[in-house]
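Residue numbering for the sequence shown follows our numbering, starting at 2 and increasing by one per position.
Cβ coordinates follow ideal geometry from the N, Cα and C atoms, glycine included.
Computed from a predicted model, the values in this text were never measured in an experiment.
First up is the structure itself, then whatever we jot down about it.
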Amino acid sequence: MKLTRRSLLASVAATTATFSLPRLAFGAEDTIKIGILHSLSGTMAISETTLKDTMLMLIDAQNAKGGVLGKKLEAVVVDPASDWPLFAEKARELLTVEKVAVMFGCWTSVSRKSVLPVIEELNGLLFYPVQYEGEESSKNVIYTGAAPNQQAIPATDYFLNELGIQKFALLGTDYVYPRTTNNILEAYLKSKGIPAEDIFVNYTPFGHSDWSKIVADVVALGADGKKVGVISTINGDANIGFYKELAAAGVTADKLPVVAFSVGEEELSGLDTSNLVGHLAAWNYFESADTPANKDFIAQWHAYTKNDKRTTNDPMEAHYIGFNMWVNAVTAAGTVDVDPVLDALIGQKFPNLTGGTAELLPNHHLTKPVLIGEIRADGQFDIISQTEPVPGDAWTDFLPESAVLESDWKDLKCGMYNKDTKTCVQLKSNY
Numbered sequence: 002m003k004l005t006r007r008s009l010l011a012s013v014a015a016t017t018a019t020f021s022l023p024r025l026a027f028g029a030e031d032t033i034k035i036g037i038l039h040s041l042s043g044t045m046a047i048s049e050t051t052l053k054d055t056m057l058m059l060i061d062a063q064n065a066k067g068g069v070l071g072k073k074l075e076a077v078v079v080d081p082a083s084d085w086p087l088f089a090e091k092a093r094e095l096l097t098v099e100k101v102a103v104m105f106g107c108w109t110s111v112s113r114k115s116v117l118p119v120i121e122e123l124n125g126l127l128f129y130p131v132q133y134e135g136e137e138s139s140k141n142v143i144y145t146g147a148a149p150n151q152q153a154i155p156a157t158d159y160f161l162n163e164l165g166i167q168k169f170a171l172l173g174t175d176y177v178y179p180r181t182t183n184n185i186l187e188a189y190l191k192s193k194g195i196p197a198e199d200i201f202v203n204y205t206p207f208g209h210s211d212w213s214k215i216v217a218d219v220v221a222l223g224a225d226g227k228k229v230g231v232i233s234t235i236n237g238d239a240n241i242g243f244y245k246e247l248a249a250a251g252v253t254a255d256k257l258p259v260v261a262f263s264v265g266e267e268e269l270s271g272l273d274t275s276n277l278v279g280h281l282a283a284w285n286y287f288e289s290a291d292t293p294a295n296k297d298f299i300a301q302w303h304a305y306t307k308n309d310k311r312t313t314n315d316p317m318e319a320h321y322i323g324f325n326m327w328v329n330a331v332t333a334a335g336t337v338d339v340d341p342v343l344d345a346l347i348g349q350k351f352p353n354l355t356g357g358t359a360e361l362l363p364n365h366h367l368t369k370p371v372l373i374g375e376i377r378a379d380g381q382f383d384i385i386s387q388t389e390p391v392p393g394d395a396w397t398d399f400l401p402e403s404a405v406l407e408s409d410w411k412d413l414k415c416g417m418y419n420k421d422t423k424t425c426v427q428l429k430s431n432y
């Protein structure tokens, strides 16, 4: 399916327009409140505004079916504004003032970790829809995005086995997700025989715009004739400058491929992608997936937004799966109270949009297929690799301190259980 790309200006205009939408309004006694905790301004708005719109669409559709437990759903939208401490304040407001039954939100791991102490203190429930670094399993979070073994490790294997990459540039935004993911990848690459001197790691601030020296340094890595590949955990609007600099430096995918973990259809819609053809992204969903369920979802999205240029993406599918699992769990539990809903969530299954079925595991992670996509000139992706569903792993096997840990909120009632000592190390998360 070929979609016209939006300019960044149009994206900003759409953000402003959608933010002004009135939220659903019903009598309090007749409604179940759902908190939407996504940045609608600041550096992450380029990615998160669409997730707010996705949730409003899903809530509208559920209300058209009669709501949940005979009650209408009411969306309560807040804007944490890409300000990490503000995420915690807004989460507390949603839980204590608005009395929401559940929250869907966050993108960056630093925003999620800001929210963790609040929801664990108040026994809230957060559905988190974005790929992350793992090394966490909270009773109060359902992780509907990918763990490292469902994105980062398979993408690295693709570079090693399919493209013959010999030197790796790990480029990330300077916060917990890129740093932890790259720690895992460094250990993994060394276990595969890549020497430390052939692994280049660099971090930049959110919103970073001057990429000339970094791109030049990456290009220089190949001066010895070894093939270089970039693994990108760059987040937000910093991707715009990064890809523009790649194009300006004449970096093409055949010479120096990039695989990104935080660049999808939404981020590419503000770029001229003609010079990015062949670069890669690893996700668990692409809009170009040719399935009846995906075609229906895209049609629903275009009808809701009244804009057939609005793209779909991986975190949207994660919210779609998570929301429907929550609805089914609430229906099964007969209540929106968090603990019964959590019990009913484990084992929930729901069809994903790429042709398989997602299942929520006792570690609060989903089973997800791993897809590698190649950027096309129209800003979409050709799916060049797809696996069967992979169970999400909260604790990586490639860091010694994590390899002995497992998460099981069903039987062990613990997110950090030491298999050697057979003890629950802690119940609260590492913030």
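Secondary structure at Phe-324: helix, using DSSP grouped into helix, strand and coil. Following the DSSP letters along the chain, one finds Phe-298 inside the alpha helix (DSSP H) bounded by residues 293-306. Contact between the stretch 79-88 and the stretch 97-114 is present: 3 or more CB-CB pairs across the two stretches fall below 8 angstroms. Under DSSP, the beta-bridge partners assigned to Gly-173 are Tyr-204, Thr-234. Here DSSP, grouped into helix, strand and coil, assigns Ala-254 to coil. For Ser-386, there is no enclosing alpha helix (DSSP H); the enclosing beta strand (DSSP E) has its first and last residue at 382-387. Two segments are said to touch when three or more pairs of C-beta atoms, one from each, lie closer than 8 angstroms; by this definition the stretch 167-177 touches the stretch 190-210. Two segments are said to touch when three or more pairs of C-beta atoms, one from each, lie closer than 8 angstroms; by this definition the stretch 336-354 touches the stretch 280-293. If you draw a straight line from the Cα of Glu-163 to the Cα of Ala-147, it is about 22 angstroms long. A direct Cα-to-Cα measurement between Lys-91 and Val-79 gives close to 7 angstroms. Annotation: Lys-73 to Ser-48 spans about 28 angstroms, alpha carbon to alpha carbon. In terms of CA proximity to Tyr-189, Pro-401 leads the group Leu-413, Pro-401, Tyr-244.
Here the alpha carbons of Phe-88 and Asp-409 stand approximately 27 angstroms from one another. Per DSSP, Leu-95 is one residue of the alpha helix (DSSP H) stretching across 85-97. With a threshold of 16 other beta carbon atoms within 10 Å, Asn-419 falls short and is exposed. As the crow flies, the alpha-carbon of His-365 is around 44 angstroms from that of Gly-226. Boundaries of the alpha helix (DSSP H) around Thr-50: 46-65.
In this structure, the alpha-carbon of Ala-395 lies about 37 angstroms from that of Asn-308.
Between the stretch 235-244 and the stretch 253-272 there are three or more inter-stretch CB-CB distances shorter than 8 angstroms, so the stretches are counted as touching. The beta carbon of Thr-312 sits closer than 7 angstroms to those of Leu-4, Glu-266, Glu-267, Ser-270, Glu-288, all from its chain and outside the five residues before and after it, given in chain order. For Leu-269, there is no enclosing beta strand (DSSP E); the enclosing alpha helix (DSSP H) covers residues 266-269. For Glu-318, same chain residues with a beta-carbon under 7 angstroms away, outside a window of 5 residues either side, are Tyr-286, Asn-353, Leu-354 in chain order.
At a cut-off of 4 residues, the continuous stretches assigned as alpha helix (DSSP H) that sit fully inside the stretch 127-175 are 153-162. For the options Glu-137, Ile-384, Ile-185, the alpha carbon positioned closest to that of Ile-232 is the one of Ile-185. DSSP places Asn-419 within a strand segment (E or B) once states are collapsed to three. Per DSSP, reduced to three states, the secondary structure at Lys-114 is helical. Under DSSP, Ala-76 forms a beta bridge with Ile-35. When Cβ pairs closer than 8 angstroms are counted between the two stretches, the stretch 377-388 is seen not to touch the stretch 333-350, the count staying below three. Here Leu-70 is exposed: its Cβ has fewer than 16 other Cβ atoms, across all protein chains shown, within 10 Å. A Cβ-Cβ distance of about 6 angstroms is found for the pair Lys-193 and Leu-161, placing them in contact under the 8 angstroms criterion. For Ser-289, there is no enclosing beta strand (DSSP E), as DSSP marks it with neither H nor E. Residue burial annotation: Asp-421 is exposed, with fewer than 16 other C-beta atoms found within 10 angstroms of its C-beta. Taking 8 angstroms as the upper bound for CB-CB distance, Gly-230 and Ile-166 are in contact here, some 4 angstroms apart.
Apart from the 5 residues on each side of it in sequence, Trp-302 sits with its Cβ closer than 6 angstroms to the Cβ of Thr-313 in its chain, given in chain order.
Between Leu-272 and Leu-257, the alpha-carbon positions lie close to 19 angstroms from each other. Straight-line measurement puts the Cα of Ser-139 at about 19 angstroms from the Cα of Gly-36.
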